[in-house]
Structures are given as structure tokens and as C-alpha cells.
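Undergrad: Our numbering puts the first residue of the sequence shown at -19, with every later residue one more than the last. The following block contains the structure, expressed as C-alpha cells.
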Amino acid sequence: MATPTPELNATVADVTRRIRERSAERRALYEARMADQHRRGVHRGELSCGNLAHGFAACGAEDKGRLKLMNSANLGVVSSYNDMLSAHQPLEDYPAILKEAARAMGSTAQFAGGVPAMCDGVTQGQPGMELSLFSREVIAMATAVALSHNMFDAALYLGVCDKIVPGLFIGAARFGHLPALFVPAGPMESGLPNKEKARIRQLYAEGKVGRDELLEAESASYHSPGTCTFYGTANSNQLMMEIMGLHLPGASFVNPGTPLREALTRYAAEQAIRNTEVGGDYRPFYRQIDERAIVNAMVGLLASGGSTNHTLHLVAMAAAAGLTITWDDFTALSAVTPSLTRIYPNGQADVNHFQAAGGMSLLIRELLGAGLIHGDIPTVFGSDLTAYTREPFLEEGKLTWREGPTESLDRDVLRGVADPFAPTGGLTVLDGNLGRGVIKVSAVAEAHRVVEAPARIFEDQNELKAAFEAGELDRDVVVVVRYQGPKANGMPELHKLTPYLGVLQDRGFQVALVTDGRMSGASGKVPAAIHMTPEALDGGPLAKLRDGDIVRLDANAGSLEVGVGADAWAEREVGEPHLDHYHVGLGRELFAGFRHLASGSEQGASVFGGFEADDLARQAGQIHDEDA
């Protein structure tokens, strides 16, 4: 029997109310547009004969006959498949499975289109990383292109990693009149323990092991098809989709290439058909995803120590659904959300250990039981979220769900609300005369949460390695890497810095990082003030900093300050950055328009503007077309 939902936590209720109220006009316009699109026709019935003939010309006779009749569902499949990247390689076989399942239901499925999927693991510290964040927007637009043919009654979204799922979500939101179901691939099996991998990386940074040893360790860690097993943005995506009810229950962390994974994929097509109008239980995305689902995603991330990238992505995702969330919403929820997991980098276990300890069913059960998430949201499963305390199993070859564990099977990895690892979610906003940013402290020891030290300024992450090797950083230091924001160079992740900063901390120095760039869910033991906004290129205070300025980062108080008097600080000149080397090569010149259009970090670092928010402001005369 599903877990009953008690009274909602007062703070969770208040944050949900604030989002609903601040988004009221914007959300109403979004819903009206989706309803209007539905009225105009959500599928091939609205197409002319010539249009329709083009749309099914390549189909076999059986599918073509069904597409002509209009009384069956046609699913649009949007996939991020490629066979270079481990997380997406398993998706190769999905379209055939989905088509077969649809035919068995008397319906059809067509591969609507592919979206690009790039890997931050491959591009880390490389020029290609500067395209990474903006690939989210490209994916959203590619999703729109795929679905623009209007041949579909519902859509299946196949994606896993960092920017892919947020991009697919944004695209799904703008086609919100269609039922949507997200179909994951699952994590690779566990390889080299994360602690050992981190140890080898630090030894390499110190010159104590060679490249051969490093490559061997990395290859033993990332070794097979599936998502990387540490708890970064990719696996945070999966948690969010499930806790918002966009996955089937328990689908997030089932390994690829298993009979259960295939059965879940097959069932996804069947359930998507049931959720269509012709299937009898029309469940469009826009009626499913509202402020309650977004709050669930935030709480789930905070309870699990999820990726800080989602302080960008969730803002942009919510905006696509007509909702306005802020970093202050994250901070308020973090204060009442206990930390329930220890998954690397916040611990030594990986997501497979989390799954074995109770996984999503137990996490959702605990959060529901504490009134920390909304149990009454509609889901793709045809139920509310209380059904997500169940786990999928194969019984004599048939997929079924039964109640998951009521207690953790490994309390070093997953705990209940009554005995959490920490009373709060470990994410907070930093505010002060250096601007606003976010910091994830769930993996930062208490002794390192307050750092006051002279600043060392860098304007390119590659400069830090040389300074480290020269011994210039062997002291208490606040490393500032600026001009890394979306307008400057596309906001690359800066994990290349992590081993060097970790070594300095291990040598006994007080070390912190401050940047207008990203560090994501793989950020670890070194306190990092990231996503600083306004960014340096946009007149942000980081542009005024000088080497030797005393900077104080206080994660406990939520402050980030430079010890310079207000008058002297106001008189400081902003330096002239040299960014040409960021803007040409490996396709970066194609993204100049994106860099120009990008919003600030707290607005999601998005190039799409505010969707309905901009339209409402324009109607009110607050902005003009030339400013949009």
C-alpha cells in the first residue's frame, strides 16, 4: 500500500505558494497557449493529405495503414543517441523496442529526430567545454524541430546527461500540449572506487604518478555503456525526472543491457499511448508539470546532494513552463531539507550502491512521509507520486511493481528523515559586495567552510596549473577565476582545477575558489563560490578584484566579501579582459549570438529570454521589441 501523505512542511508550502503567486500571470499565459495548441490539433489529423503523405512515406504498410486511420496513437521519439558516449550508447536499440511495443498496442511510433549530446567528461578543460552549457539551448531547439511536424499524439524523450535532459525538458514544455514521458538508459556497473580515482588524480597533479597510471585509473572508472556512476548532473537529472513523475517508478537507476531495463523501455511506450487522447487518459505535459513538481525537484536535489548545475537548469526549465523560481527558493528549501544520501563526491558510494540501499523508492517514501514533497502531483504512471514508493521487478517475464524497502539497507549511503546525515540540504546562496553565487557544502568539512585569505586572480583556468607547479599557491589563498560566465565564454565547467585545489587543502592551507563559471555536481571538498552574478564581463564585482585583496567566504553565514572600503571599492576601475582566444576554434565562433543573448546565472544563463514573462512585460510597456 502506498505511503500516505501527511501535512506539507510549512516552508515547502510557503515556497510553493510564493512561486505560484509570482508566476500567476506568466503561468496563466503559458497554460492558455498550450490549451490553444491543443484545440488547434495535437496530431496528424490536422495535416493535409500532402502533408500526411510526406509524414508516413517511409513507413511499412502496417504502420502506414494505422497512420491513415487517425484512431490510434502515434508516438514521436526524440533521442540523444550517439555511440561515442557511454551514457547514450544504450539508446541505440530503444527506437526499435518502442516501435514494436507501440505496434503491439495497435499504435505506431516514429523516430522524430535526434538531438546532440556532448560529454563534459570528454571536453573537460578543453575548448569544446565552452559549447557545453549552450548545447542545452541547441537541444531544446532541436527537440522543437523534431516535433514541429505535428504528426504526434505524445512524445518519448530519450536522454541522460548534463545539458541533455534540461534541453529536452525545455523542448517538452514548449510542446506542453503533448503527453511526455522521459526514458532513461541507466548507470554503468560500478568500476574503480571513486576515492581511489580521486587519489590517483591528485597524485598526478603533484607529479607523483605518470599519465599511464592516470589513464588506467580513469579507464577502470569509466568502463562500459551507461551513465557515469558518481552523483553529478547526469544522475541528478534522473532523480529529478522521477521525483517530478516524468519517469516510470524506479526507472532511473536500472543498469543498461538488462531484461528489466528493456521491459521498462517497452512499458514506457505502452504507458505513453495510454496517456494520449485516443488512449483514453489524456495527460499533457502542461497539466502535469506545475510549481509543485518543480518544488519536488528542488527538494529531491537538496536531500540527495545533487548537482549545483541545476541552480541554472531548473530556473530555465521552470521558465519554459511559465514558472519563475529564484536562488532564494533553493536556500529556503535547503534550510528544512535534511541530507539523506552520501554518494560520491559527497561520500564514497556510487549510484549503484544508492540503488541497492533503497534507491528512489525509499528516498521518495521518506520525503513524502516528512511532508517535504508534494504527493498529489499527476504522473506519467497514471497515478500520483505515492505510487513511486514502489520498485519495478520482472516476475515470470512480466513487469510488475511492488513496494520498496521501508528502511535503508545501508545507512552509510542512504538514511531516513529521522536520522539524516545533516539537518539541511547543504546548498546555500552567498551574497555580498562580490555579488551573488551558490555554494554546495555537503562535501565540505566544517573546518573549511569559512576561508579568509588573499586573492589570486586568474582569467583562464589553464594559468592555475603553472602557478601551482611554480609553488606560487602554497599558502592560504582564495583562487578567483573570472571571465568564465555565459557572456564571456559560455560558462565552462572548471573541474580541471579540482585536483590542484585539493592538494593545497591537503597540505594544510585554507583554500577556496570563487568564479563566475561552473563546477557542477562533481564539486567536492574545497569550498567553491560558483555562478557568481553579475559575471565579470557584465560589470560584475569580480572584475574589480586585484591580487592580494583579502576575500572572506563564509558558507555558514552565506556571505562573500572583499575587505576593501566602500569608497575605495567604488572608485576601482574594471580591467579590460582579453577573451579573443575563447571565441574562435572548434565551432565557438558559431555561438557568438548565444553569448550575446545569455541571461545572468540566476536567470538560468539562458538565451531564450523569459518566455511568457517577457511577453507580459512587453504588453505592460515595460520593455520594447528592440530591447527584447
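For each residue, glycine too, the CB sits at the ideal point set by N, CA and C. As the structure is a computational prediction, the values presented were derived from the model and not from experiment.
What is the DSSP secondary structure of Gln90, counted as helix, strand or coil?
TA: As a position in the sequence shown, residue 90 is number 110, starting the count at 1. Correct three-state label for Gln90: strand.
Undergrad: Identify the residues that DSSP records as bridge partners of Arg498: which are they?
TA: Here residue 498 refers to the residue found at position 518 of the sequence shown. Bridge partners of Arg498: Glu473.
Undergrad: What are the uninterrupted segments assigned as alpha helix (DSSP H) that are 4 or more residues long and contained completely in the segment 532 to 582, given in chain order?
TA: Counting only runs of 4 or more, we get 546 to 551, 560 to 563 and 572 to 577.
Undergrad: Given this structure, state the Cα-to-Cα distance separating Ala546 from Asp518, to the nearest angstrom.
TA: Within the sequence shown, the letter at position 566 stands for residue 546. Within the sequence shown, the letter at position 538 stands for residue 518. Using only the alpha carbons, I get a separation of about 20 Å.
Undergrad: Within the continuous beta strand (DSSP E) that includes Tyr137, where are the two ends?
TA: Position 157 of the sequence shown, counted from the start, is the residue given in the question as residue 137. First-last of the beta strand (DSSP E) with Tyr137: Ala134 to Leu138.
Undergrad: Quick one: grab the DSSP three-state call for Leu365.
TA: What you label residue 365 is simply residue 385 of the sequence shown in a count that begins at 1. Correct three-state label for Leu365: helix.
Undergrad: Report yes if the CB atom of Ser87 is closer than 8 Å to the CB atom of Asn130, and no otherwise.
TA: For the purposes of this step, residue 87 is taken as the residue at position 107 of the sequence shown. For the purposes of this step, residue 130 is taken as the residue at position 150 of the sequence shown. Going by C-beta atoms, Ser87 is not nearer than 8 Å to Asn130.
Undergrad: How would you label Gln583, buried or exposed, when you count the other beta carbons within 10 angstroms and need 16 or more for buried?
TA: Position 603 of the sequence shown holds residue 583. It is buried - the Cβ of Gln583 has at least 16 other Cβ atoms within 10 Å.
Undergrad: In the DSSP output, which residue or residues are listed as bridge partners for Leu407?
TA: Numbered from 1 along the sequence shown, position 427 holds the residue referred to as residue 407. Per DSSP, Lys420.
Undergrad: Can you grab the Cα-Cα spacing for the pair Glu72 / Tyr61, in whole Å?
TA: Start at 1 with the first residue of the sequence shown, and residue 72 comes out as number 92. Start at 1 with the first residue of the sequence shown, and residue 61 comes out as number 81. Answer to the nearest angstrom: the Cα atoms are 6 Å apart.
Undergrad: Work out the CA separation of Met98 and Ala165 for me, nearest whole Å.
TA: Along the sequence shown, read from residue 1 onward, the residue named residue 165 stands at position 185. Along the sequence shown, read from residue 1 onward, the residue named residue 98 stands at position 118. For Ala165 and Met98, the distance between alpha carbons rounds to 16 Å.
Undergrad: Do the segment 411 to 428 and the segment 538 to 554 touch if we need at least three Cβ pairs shorter than 8 Å?
TA: Taking 8 Å as the limit for Cβ pairs, the verdict is that the segment 538 to 554 does touch the segment 411 to 428.
Undergrad: Are Val461 and Gly497 closer than 8 Å when you measure CB to CB?
TA: Walking along the sequence shown from the start, residue 461 turns up at place 481. Walking along the sequence shown from the start, residue 497 turns up at place 517. Yes.
Undergrad: What three-state label does DSSP hand Pro75 in the structure shown?
TA: Here residue 75 refers to the residue found at position 95 when the sequence shown is read from its first residue. Three-state result, Pro75: helix.
Undergrad: Are the beta-carbon atoms of Pro358 and Gly230 separated by less than 8 Å?
TA: By 1-based counting over the sequence shown, the position of residue 358 is 378. By 1-based counting over the sequence shown, the position of residue 230 is 250. Cβ atoms of Pro358 and Gly230: not closer than 8 Å.
Undergrad: Give me the Cα-Cα distance between Lys143 and Glu473, rounded to the nearest whole angstrom.
TA: The residue labelled residue 143 in the question sits at position 163 within the sequence shown. The residue labelled residue 473 in the question sits at position 493 within the sequence shown. If you take the alpha carbons of Lys143 and Glu473, they lie about 12 Å apart.
Undergrad: How many angstroms separate the CA atom of Glu242 from the CA atom of Leu161?
TA: Translated into the one-based positions of the sequence shown, residue 242 becomes position 262. Translated into the one-based positions of the sequence shown, residue 161 becomes position 181. Going from the Cα of Glu242 to the Cα of Leu161 covers about 16 Å.
Undergrad: Closer than 7 Å by C-beta to Ala273: which residues in its own chain qualify, once you throw out the five before and the five after it? Chain order, please.
TA: In the sequence shown, counting from the first residue as 1, residue 273 sits at position 293. These residues qualify, in order along the chain: Met224, Gly225 and Ile357.
Undergrad: Between the C-alpha atoms of His563 and Glu193, what's the straight-line distance to the nearest angstrom?
TA: Counting from one through the sequence shown, the residue named residue 563 turns up at place 583. Counting from one through the sequence shown, the residue named residue 193 turns up at place 213. Between His563 and Glu193, the C-alpha separation is close to 34 Å.
Undergrad: With a threshold of 8 Å, are at least 3 pairs of Cβ atoms found where one atom belongs to the segment 384 to 398 and the other to the segment 285 to 297?
TA: The segment 384 to 398, when compared against the segment 285 to 297, does not touch it at the 8 Å Cβ threshold.
Undergrad: Where do the N-terminal and C-terminal ends of the beta strand (DSSP E) with Leu161 fall, by residue?
TA: For the purposes of this step, residue 161 is taken as residue 181 along the sequence shown, with counting starting at 1. Where Leu161 is concerned, the enclosing beta strand (DSSP E) stretches over Ala160 to Val163.
Undergrad: Between the C-alpha atoms of Tyr247 and Arg263, what's the straight-line distance to the nearest angstrom?
TA: Along the sequence shown, one-based indexing puts residue 247 at 267. Along the sequence shown, one-based indexing puts residue 263 at 283. Answer to the nearest angstrom: the Cα atoms are 16 Å apart.
Undergrad: Using DSSP's beta-bridge definition, name the partner residues of Phe438.
TA: Here residue 438 is taken as the residue at index 458 of the sequence shown, counted from 1. According to DSSP, which records beta bridges pairwise, Phe438 is partnered with Val461.
Undergrad: Could you round the C-beta distance between Gln441 and Gly187 to whole angstroms and report it? I think they count as a contact, below 8 Å.
TA: For the purposes of this step, residue 441 is taken as residue 461 along the sequence shown, with counting starting at 1. For the purposes of this step, residue 187 is taken as residue 207 along the sequence shown, with counting starting at 1. Going by Cβ atoms, the distance from Gln441 to Gly187 rounds to 19 Å, so no, they are not a contact pair.
Undergrad: Got a sec? Which residues, its chain only, sit under 7 Å from Asp534 by beta carbon, not counting five neighbours each side?
TA: The residue you call residue 534 lines up with position 554 of the sequence shown. Contacts found: Val430.
Undergrad: Using 8 Å for Cβ pairs, my map puts Ala300 next to Ala92. What's the rounded Cβ distance?
TA: Here residue 300 refers to the residue found at position 320 of the sequence shown. Here residue 92 refers to the residue found at position 112 of the sequence shown. Contact doesn't hold; Cβ gap of about 19 Å is too wide.
Undergrad: Ends of the beta strand (DSSP E) at His511?
TA: Counting from one through the sequence shown, the residue named residue 511 turns up at place 531. That run of the beta strand (DSSP E) goes Ala508 to Thr513.
Undergrad: Look at the Cβ atom of Tyr211, then the Cβ atom of Ile323, and state whether they are nearer than 8 Å.
TA: Position 231 of the sequence shown, counted from the start, is the residue given in the question as residue 211. Position 343 of the sequence shown, counted from the start, is the residue given in the question as residue 323. Cβ distance < 8 Å, so Tyr211 and Ile323 count as in contact.
Undergrad: Where do the N-terminal and C-terminal ends of the beta strand (DSSP E) with Leu374 fall, by residue?
TA: Locating residue 374 in the sequence shown gives position 394, counting from the first residue. Here the beta strand (DSSP E) through Leu374 covers Arg370 to Glu375.
Undergrad: Count the other C-beta atoms from every protein chain shown that fall within 10 angstroms of the C-beta of His354, then say buried if there are 16 or more, exposed otherwise.
TA: Mapped onto the sequence shown, residue 354 falls at position 374. Buried, because 16 or more other Cβ atoms sit within 10 Å of the Cβ of His354.
Undergrad: If we count the other Cβ atoms within 10 Å of its Cβ and call it buried at 16 or more, is Gln599 buried or exposed?
TA: Residue numbering aside, residue 599 sits at position 619 when the sequence shown is read from its first letter. Result: exposed.
Undergrad: Which residues mark the beginning and the end of the alpha helix (DSSP H) in which Leu49 is found?
TA: As a working note, residue 49 is residue 69 in the sequence shown. Ala41 to Leu49 is the span of the alpha helix (DSSP H), which, as asked, contains Leu49.
Undergrad: Taking the beta strand (DSSP E) that Asn54 belongs to, which residues open and close that run?
TA: Along the sequence shown, one-based indexing puts residue 54 at 74. Where Asn54 is concerned, the enclosing beta strand (DSSP E) stretches over Asn54 to Ser59.
Undergrad: Quick check on this structure: which residue in Ala578, Val587, Glu375 and Gly349 has the alpha carbon closest to the alpha carbon of Leu240?
TA: Sequence index remark: in the sequence shown, residue 240 carries index 260 (1-based). Closest by alpha carbon: Glu375.
Undergrad: Round the Cβ separation of Asn255 and Ala76 to the nearest angstrom and send it over; I've been treating them as touching at under 8 Å.
TA: Start at 1 with the first residue of the sequence shown, and residue 255 comes out as number 275. Start at 1 with the first residue of the sequence shown, and residue 76 comes out as number 96. Not really, about 22 Å apart at Cβ, beyond 8 Å.
Undergrad: Within the same chain, show all residues whose beta-carbon is closer than 7 Å to that of Ser500, passing over the 5 residues directly before and after it, in chain order.
TA: For the purposes of this step, residue 500 is taken as residue 520 along the sequence shown, with counting starting at 1. Around Ser500: Gly212, Thr213, Ser287, Thr288, Asn289 and Glu473.
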